[in-house]
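Written out below as structure tokens is the structure these notes cover.
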Amino acid sequence: MEVQKGVNAMLTEERYATILRILKEKQAVTVPELTRALCTSESTIRRDLTALHKRGMLYKVYGGATSIDSNYTAMEEDMPTKSSRCTEEKIAIARRAASLVTRKDFVYIDAGSTTLHMVDFLQERQAVYVTNGLPHASRLSLKGFKVFLLGGRLKAVTEAVIGTEALRNLELYNFTKGFFGANGINIKSGFSTPDSSEGLVKSEALSRCEHAYVLADQSKFNKISPITFANISSATIITGHLRDKKYRDCTTILEGE
């Protein structure tokens, strides 16, 4: 029995090594690709990716994984995966962001894991909130806040409302403050996201904010996703502890407390 356990552990570590080798070569890989390469089931691959993600050896994203060292990612993480990473930093960022809301504000809250944490720290009941995040709207409503949810198509992976109807809804609004998520932050490429439809909603909402803030943990810096939704100078960045000081030359930086 002990011998069998040792063999299973060895096989698991061999799969891990193969996954990391493939990822080093390709920078991004899908579950079906790994299933074929390792001749195993998709459920096994998903468990492997989850384990390697928790070890900090790769980024598990929706449908596959990306390399830790890669600065480009076109794959979108689902909400549970996003929520599992950098949790303490996200909470500090969310607390700092929530402290900026005042009683007279008309606030836009973008879909995303860090902005969802922000809802937990909001105290200002005189402010009015608009969001395209389904769980955000539910949580705001349960807290007794006045909240409007954009109409449109629901994107299951990020639980965000997107599409033409959402864009039309946004044309009615002029926000005092807006709080946004981003998949990538890069000086040249700005704030970016993998999905063009979600990017259009982010861009339109941000353009209608008097003051815009992007909430970003350290994993988002020096990363690039396919769709730029705003220039780096168009929003204040709220982060944990800024490691790359060059961003201070491009925009205002607020660090979580």
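FYI, in the numbering used here the residues of the sequence shown are 908 to 1164. Each residue gets a CB set at the ideal place from its N, CA and C atoms; glycine is no exception. Just so you know, these numbers come straight off a predicted model, no measurement behind them.
C-beta atoms of Ile1144 and Ile1131 nearer than 9 Å: If you number the sequence shown from 1, residue 1144 lands on position 237. If you number the sequence shown from 1, residue 1131 lands on position 224. Taking 9 Å as the Cβ cut-off, Ile1144 and Ile1131 do not qualify as a contacting pair.
Three-state class that DSSP yields for Arg1010 in the structure shown: Sequence index remark: in the sequence shown, residue 1010 carries index 103 (1-based). Reduced to three states, the DSSP call for Arg1010 is coil.
Member of Leu1079, Arg922, Ser1006 whose CA lies at the smallest distance from the CA of Thr957: Stepping through the sequence shown from its first residue, residue 957 is reached at position 50. That would be Arg922, whose Cα lies nearest to the Cα of Thr957.
Per-residue DSSP class, three states only, for Tyr1154: Here residue 1154 is taken as the residue at index 247 of the sequence shown, counted from 1. In this structure, Tyr1154 counts as helix in the three-state DSSP scheme.
Meets three-Cβ-pair contact criterion under 8 Å: the stretch 1140 to 1158 and the stretch 1039 to 1054: no
Exposure of Ser948, with buried meaning 16 or more beta-carbon neighbours within 10 Å: As a first step, residue 948 is located in the sequence shown; it is residue number 41 there, counting from the start. Per the 10 Å Cβ criterion, exposed.
Residues near Ala1073 by beta carbon distance below 8 Å, same chain, minus five either side: Stepping through the sequence shown from its first residue, residue 1073 is reached at position 166. Around Ala1073: Asn1039, Leu1057, Gly1058, Gly1059, Arg1060, Val1108.
Which of helix, strand or coil DSSP assigns to Leu1099: Along the sequence shown, read from residue 1 onward, the residue named residue 1099 stands at position 192. Residue 1099 is actually Ser in this sequence, not Leu. Here Ser1099 sits in strand by DSSP.
CA-to-CA distance, Lys931 to Ile1016, given in whole angstroms: Position 109 of the sequence shown, counted from the start, is the residue given in the question as residue 1016. Position 24 of the sequence shown, counted from the start, is the residue given in the question as residue 931. Taking the straight line from one Cα to the other gives about 36 Å.
Check whether Phe1128 and Thr1100 have beta carbons under 9 Å apart: For the purposes of this step, residue 1128 is taken as residue 221 along the sequence shown, with counting starting at 1. For the purposes of this step, residue 1100 is taken as residue 193 along the sequence shown, with counting starting at 1. Against a cut-off of 9 Å, the Cβ pair of Thr1100 and Phe1128 comes out as no contact.
Close beta carbons around Arg953, own chain, < 8 Å, minus the five adjacent residues each side: Counted from its first residue, the sequence shown places residue 953 at position 46. Cβ neighbours of Arg953 beyond the five flanking positions: Val938.
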